[in-house]
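Asks: For reference, the structure I am asking about is given below.
There are 2 protein chains.
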Amino acid sequence: MRACRREPVPYTPIWLMRQAGRYMAEYREVRARTTFLELCKTPSLAAEVTVTAVERLGVDAAIIFADILLILEPLGIDLEFAQGEGPVIHNPVRKPADVDRLRELEDVNALEFVYEAIRQTRRALKRDIPLIGFCGAPFTLASYLIEGGGSKNYVHAKRLMYDDAGAWHAMMALISRALAKYLNAQIEAGAQAVQLFDSWVGCLSPDDYREFVLPHTRSVIQNVAAGVPVIHFGTGTATLLELMREAGGDVIGLDWRVRLDEGWQRIGHDAAVMGNLDPVVLFANQDALRAHAKRILDQAGGRAGHIFNLGHGILPETPVENVIALVDMVHEMSHRLHG
Amino acid sequence: MRACRREPVPYTPIWLMRQAGRYMAEYREVRARTTFLELCKTPSLAAEVTVTAVERLGVDAAIIFADILLILEPLGIDLEFAQGEGPVIHNPVRKPADVDRLRELEDVNALEFVYEAIRQTRRALKRDIPLIGFCGAPFTLASYLIEGGGSKNYVHAKRLMYDDAGAWHAMMALISRALAKYLNAQIEAGAQAVQLFDSWVGCLSPDDYREFVLPHTRSVIQNVAAGVPVIHFGTGTATLLELMREAGGDVIGLDWRVRLDEGWQRIGHDAAVMGNLDPVVLFANQDALRAHAKRILDQAGGRAGHIFNLGHGILPETPVENVIALVDMVHEMSHRLHG
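Protein chains in written order, with our numbering: chain P, 1 to 339; chain U, 1001 to 1339.
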């Protein structure tokens, strides 16, 4: 929390995106008894995997176990997590007229199971471990519900954007209103910081981002309850960093394609940064891991406001012992740096 | 050719990556009679699709029809283009010891069918249309032969790189020696410029690029016959542009994620640039297409040394009439700009 506010800290705090995930035996054990969607919707299990990850790794923050797509159901989208195939949407938005099918989020309590998971997690976590809530950012959610699943080129999403800007903006505004309510309900339940995941936004040119995305992401962030730090994260965003900062966020996520020092410079030192180890380095030997982690800490240079993280989520086959080693290395090496 | 040398031109020249491809009926007709690999290996057919694309679109350059992976066969790699699945390598390099299995390219004439296709194309093309030869860049080829096909996270390639730098560099050096010979044989056959495709290099951090890639790409480019313009292209390279320039090339390819004016500034105006329309804009209505093309021409500002192109290859479902319209728009709008 202090790092989010760019206050001095005794060592660089670290947590890892997707730290509760398939790479961890404890998680696989829980998942063996339930489907992914049931796990998300059962607060006691979601709380269990969230807390277990923190304890097993020794990280400095928890992020609630959930999925960015859950919000789409109360908007009128049929969502299915097919076995081993990732999420599938059976009624994607393709034509401008489909946008009218989307429902306004009237009842934020449709996602009560997330808030209950947050309450249970908060009770189970050690007091000094902050709990992060999150949502997908408007662009990533919009492209998901247009493409109907994963995508390589985002042809459907961009076609709607270019061919009917009116329908595009109406859809993005509706999603953004829902997201602001959703994040504030998470905060009310006990989330102490919130993160927007714009994982797919790196497919856009800066000019398209400015026109089609920035106003909507900004409206979500502006509507988050005052005083709660917002982490604004994307991947492949090297040319979007200044614009993401303009959209908002106390902490901007960087991926490994940009050097942390250069990225921070461009964002401005009046914001905090989070990042930015390539998740694949966790597959390497520990000497290479240490060298890469050290390079990032050196680039941060002990400046207040750096949260160590990966540049994207932990991959499913990652060796858990390397993840634990990374957390230890960052604590140990940064302890010297800070003082 | 004049644009490559940054000499004044009456209008901005344009050609499009993968301009001979599945989106075009004439190409699909040829492909219906043969496999992809047979098409590559039959000079008369390769020449036919190359020339047809130029004539149908009215572009200002031809690029020889071939595949970046063809060079892997004489290096000892079993390559198969499976129906609808893209290339598959049955004996990928995974362990450092596998690197020893790779063979030095002793006989550059193993790829005689490419040179013959170049000769036939040169004879069939109008005199004022230059013919571009090409190869994959060392990193993209190395990651292909390690991953064994397409990849999302490049875990195997990066693991080899991090865990055994010696094996990595030996492999990259062997590939680079082969590529220099291959490009020079294409030039001898009649290619007037050559392009290196580093399509996958955008998965790397700048520090990893500098250490593991730059010296090898540089050695290929330095060994290309003097006086022949080299186009150095990659995607997702927004943070690598300065390093790619350092590796070499008279023309640097830009994708749409970077604004053309900013990218050119960073590369330096003493190099030419190629790019940088998002290929997905070709799916939009022609007003949006014109607006995006105009923005790029405006960013180039009539400066000598801009070759208009996409930021990546034409996608298979692209409407051919929009491709033709784009070529006309660029000629027409840039004529005013230059004139």
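Ideal placement from N, C-alpha and C gives every residue a C-beta, glycine not left out.
Quantities reported herein were computed from a predicted structural model and do not represent experimental measurements.
So for P:P319, helix, strand or coil by DSSP?
Replies: If DSSP states are grouped into helix, strand and coil, P:P319 belongs with coil.
Asks: Pull up the DSSP beta-bridge partners for U:A1193, would you.
Replies: According to DSSP, U:A1193 bridges with U:I1132.
Asks: With 8 Å set as the bound, which would you pick, yes or no: does the beta-carbon of U:L1310 sit closer than that to a beta-carbon of chain P?
Replies: For U:L1310, the answer is no, since every Cβ of chain P falls outside 8 Å of its Cβ.
Asks: Where P:E317 and P:A66 are concerned, what is the direct C-alpha to C-alpha distance, given to the nearest angstrom?
Replies: Those two C-alpha atoms are separated by around 20 Å.
Asks: Would you say U:V1330 faces chain C, with C-beta separation under 8 Å as the test?
Replies: The structure shown contains no chain C; the protein chains it does contain are P and U.
Asks: Which residues of chain P have a Cβ atom closer than 8 Å to the Cβ of U:L1315, listed in chain order?
Replies: Correct list: N153, V155.
Asks: Enumerate in chain order the residues of its own chain whose CB-to-CB distance from P:G133 is below 7 Å, with the five nearest sequence positions on each side excluded.
Replies: Once the five neighbours on either side are set aside, the close Cβ partners of P:G133 are I64, I118, L183, Q186, I187, A191, V194.
Asks: What separation, rounded to the nearest whole angstrom, lies between the Cα atoms of P:M1 and U:D1328?
Replies: For P:M1 and U:D1328, the distance between alpha carbons rounds to 56 Å.
Asks: For the stretch 1271 to 1289 of chain U, enumerate the residues whose C-beta is nearer than 8 Å to any C-beta of chain P, in chain order.
Replies: Answer set for the stretch 1271 to 1289 of chain U: D1278, P1279, V1280, V1281, F1283, A1284, N1285, A1288.
Asks: Quick check on P:H90: buried or exposed, where buried means 16 or more other Cβ atoms within 10 Å of its Cβ?
Replies: So P:H90 counts as exposed.
Asks: Looking only at its own chain, which residues have a Cβ that is under 6 Å from the Cβ of U:A1180, when we skip the five neighbours before and after it?
Replies: Closer than 6 Å at the Cβ level, and outside the excluded window around U:A1180, lie V1220, N1223.
Asks: I believe U:L1214 touches U:E1246 by the beta-carbon criterion, under 8 Å. Please report the beta-carbon distance rounded to the nearest angstrom.
Replies: So it is a contact: roughly 6 Å between Cβ atoms.
Asks: Give a yes or no on whether 8 Å exceeds the smallest Cβ distance from P:P87 to chain U.
Replies: Not an interface residue.
Asks: Kindly list the residues whose CB is nearer than 8 Å to the CB of U:D1078, restricted to its own chain and excluding five residues on each side of it in sequence; keep chain order.
Replies: So the list reads I1089, H1090, N1091, once near-sequence residues are dropped.
Asks: Taking a cut of 7 Å between CB atoms, which residues from the stretch 219 to 249 of chain P lie near chain U?
Replies: Under the 7 Å Cβ criterion, the stretch 219 to 249 of chain P contributes G236, A238, T239.
Asks: Between P:R94 and U:R1257, what straight-line distance do the alpha-carbon atoms span, to the nearest angstrom?
Replies: Each residue's Cα considered, the two are about 24 Å apart.
Asks: If the cut-off is 9 Å on Cβ atoms, which residues from the stretch 96 to 109 of chain P count as contacting chain U, listed in chain order?
Replies: Those would be none; no residue qualifies.
Asks: Are P:M17 and P:N309 touching if we call contact CB-CB under 8 Å?
Replies: The answer is yes: Cβ separation under 8 Å.
Asks: Taking any Cβ of chain P, which residues in the stretch 1182 to 1215 of chain U have a Cβ under 9 Å from it, in chain order?
Replies: Hits within the stretch, in order: G1202, C1203, L1204, S1205, P1206, D1207, D1208.
Asks: Hey, would you say U:N1322 sits closer than 8 Å to P:L315, going by beta carbons?
Replies: No, the Cβ-Cβ distance between U:N1322 and P:L315 is not below 8 Å.
Asks: Is U:K1158 close to chain P? Criterion is C-beta to C-beta, closer than 8 Å.
Replies: So yes, U:K1158 belongs to the interface.
Asks: Excluding sequence positions up to five away, which residues of its chain have a Cβ less than 8 Å from the Cβ of U:L1240?
Replies: Taken in chain order, the residues that qualify are V1201, G1202, L1204, P1206, Y1209, G1234.
Asks: Spell out whether any CB of chain U is found under 8 Å from the CB atom of P:R18.
Replies: Closer than 8 Å: no.
Asks: Using a Cβ-Cβ cut-off of less than 7 Å, list which residues of the stretch 1158 to 1179 of chain U approach chain P; keep chain order.
Replies: Of all residues in the stretch 1158 to 1179 of chain U, K1158, R1159, Y1162, D1163 have a Cβ within less than 7 Å of some Cβ in chain P.
Asks: Using DSSP's beta-bridge definition, name the partner residues of P:H269.
Replies: None; P:H269 has no bridge partner.
Asks: For chain U, find out if any of its Cβ atoms is closer than 8 Å to the Cβ of P:V320; answer yes or no.
Replies: By this cut-off, P:V320 is not an interface position.
Asks: For U:A1097, is the classification buried or exposed, using 16 other Cβ atoms within 10 angstroms of its Cβ as the cut-off for buried?
Replies: Exposed is the call here.
Asks: Going by DSSP, name the residue or residues bridged to U:M1274.
Replies: U:G1253, U:I1307.
Asks: Listed from N- to C-terminal order along the chain, which residues in the stretch 1255 to 1267 of chain U have their beta-carbon within a distance smaller than 8 Å of any beta-carbon of chain P?
Replies: Flagged, chain order: W1256, R1257, V1258, R1259, E1262.
Asks: If the cut-off is 8 Å on Cβ atoms, which residues from the stretch 1019 to 1031 of chain U count as contacting chain P, listed in chain order?
Replies: Against chain P - using a Cβ distance shorter than 8 Å - the stretch 1019 to 1031 of chain U contributes no residues.
Asks: Short check: CB of P:A284 to CB of U:Y1115, under 8 Å?
Replies: Contact: no.
Asks: Quick check on the burial criterion: 16 or more other C-beta atoms within 10 angstroms. Buried or exposed for U:G1236?
Replies: With 16 or more other Cβ atoms within 10 Å, it is buried.
Asks: May I have the straight-line CA-CA distance separating U:R1303 from U:R1122, to the nearest angstrom?
Replies: Cα to Cα, U:R1303 sits roughly 29 Å from U:R1122.
Asks: In its own chain, which residues sit with a C-beta less than 7 Å from the C-beta of U:F1197, not counting the 5 before and 5 after it?
Replies: Only I1068, F1134, G1136, A1137, T1140, F1233 meet the Cβ criterion.
Asks: The alpha helix (DSSP H) with P:E29 in it runs from where to where?
Replies: Segment 25 to 32, the alpha helix (DSSP H) holding P:E29.
Asks: Please name the residue or residues paired with P:H232 in a DSSP beta bridge.
Replies: Per DSSP, P:L196, P:I252.
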